[in-house]
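Residue numbers (this note's numbering): 44 to 133.
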């Protein structure tokens, strides 16, 4: 049996994010460091925040239930590579 590493980070809520941003000017770009491995930010890749959407769960219609969509009280922040010049990938 393989060793299991249970990763349980403290997931921020909206109040914590608002508090962290409260003193920043409105035009400040938001950068996001994505961990290389769970909890490993030594080799993180820097990304920038490009969008946010409310989290929606979707279930297709079944024999006895119609299609269903529920919006959670959560958002997903979308990040992309930082602006710059990159080699084209084939």
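Note that CB positions come from ideal geometry on N, CA and C, so glycine has one too. Predicted model, so just to flag it, every value in this text is computed and none were measured.
CB contact flag (residue 110, residue 100, <8 Å): Here residue 110 refers to the residue found at position 67 of the chain shown. Here residue 100 refers to the residue found at position 57 of the chain shown. Not closer than 8 Å, so no.
Check: residue 102 C-beta below 7 Å from any heavy atom of the ligand FMN: The model depicted lacks the ligand FMN and carries no ligand whatsoever.
The region 76 to 86 / the region 59 to 66 touching (three or more Cβ pairs under 8 Å): no
Spatial distance of residue 92 from residue 51 (CA atoms): Here residue 92 is taken as the residue at index 49 of the chain shown, counted from 1. Here residue 51 is taken as the residue at index 8 of the chain shown, counted from 1. Taking the straight line from one Cα to the other gives about 23 Å.
Top-ranked residue by Cα proximity to residue 95, from 49, 79, 119: In the chain shown, the residue the question calls residue 95 occupies position 52. Here the closest residue by C-alpha is 119.
Proximity below 8 Å, CB of residue 55 to CB of residue 90: Looking up residue 55 in the chain shown gives position 12. Looking up residue 90 in the chain shown gives position 47. No, the Cβ-Cβ distance between residue 55 and residue 90 is not below 8 Å.
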